[in-house]
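Residue numbers for the sequence shown follow my numbering, so the first one is -10 and each next one is one higher.
Just so it is clear, CB atoms sit at the ideal spot from N, CA and C, and this is done for glycine as well.
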Amino acid sequence: MLPTIAVIAKSPERGCVKTRLAAAIGDDAALSVYRSLLAYVANLLAAWEGPVEVFFAGDERALANSPLGRFARTRQCEGG
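#1: At the level of alpha carbons, what is the spacing between residue 58 and residue 26?
#2: Applying the 10 Å Cβ sphere with the 16-neighbour rule, what's the burial state of residue 20?
#3: Quick check on residue 3: does DSSP put it in helix, strand or coil?
#4: Quick check on the burial criterion: 16 or more other C-beta atoms within 10 angstroms. Buried or exposed for residue 35?
#5: Is the distance from the Cβ of residue 23 to the Cβ of residue -4 below 7 Å?
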C-alpha cells in the first residue's frame, strides 16, 4: 500500500491567499497566481496512485470547485 500524500492548502478566496503578494499586485492577481499553483499541484498529484488528503482552511465550496476538489478533504482545526 502506498503512503498518503497530505496537502495543506487554503481555499482559493479573494483577499485570503497570497496576501503579501497581493499588496504588490492586487487581490485579483494574487488569487489568479494561487489558482495556478493549485492547478500545478493537482496535476502533479494526478500521477500519484496512492491516496491524497487535502487539509484546508476556509470555504469548503471554494476548495471543492478548485483543482484540488477531486481529492479527499479535511478541514483544519482552528488554531488558538
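Taking the definition as stated:
#1: Start at 1 with the first residue of the sequence shown, and residue 58 comes out as number 69. Start at 1 with the first residue of the sequence shown, and residue 26 comes out as number 37. CA-CA distance, residue 58 to residue 26, rounds to 14 Å.
#2: Taking the first residue of the sequence shown as position 1, residue 20 is located at position 31. Result: buried.
#3: Translated into positions along the sequence shown, residue 3 becomes position 14. The answer is coil: DSSP assigns residue 3 none of H, G, I, E or B.
#4: Translated into positions along the sequence shown, residue 35 becomes position 46. Exposed is the label assigned to residue 35, since fewer than 16 other Cβ atoms lie within 10 Å of its Cβ.
#5: Here residue 23 is taken as the residue at index 34 of the sequence shown, counted from 1. Here residue -4 is taken as the residue at index 7 of the sequence shown, counted from 1. With contacts defined by Cβ atoms closer than 7 Å, residue 23 and residue -4 do not form a contacting pair.
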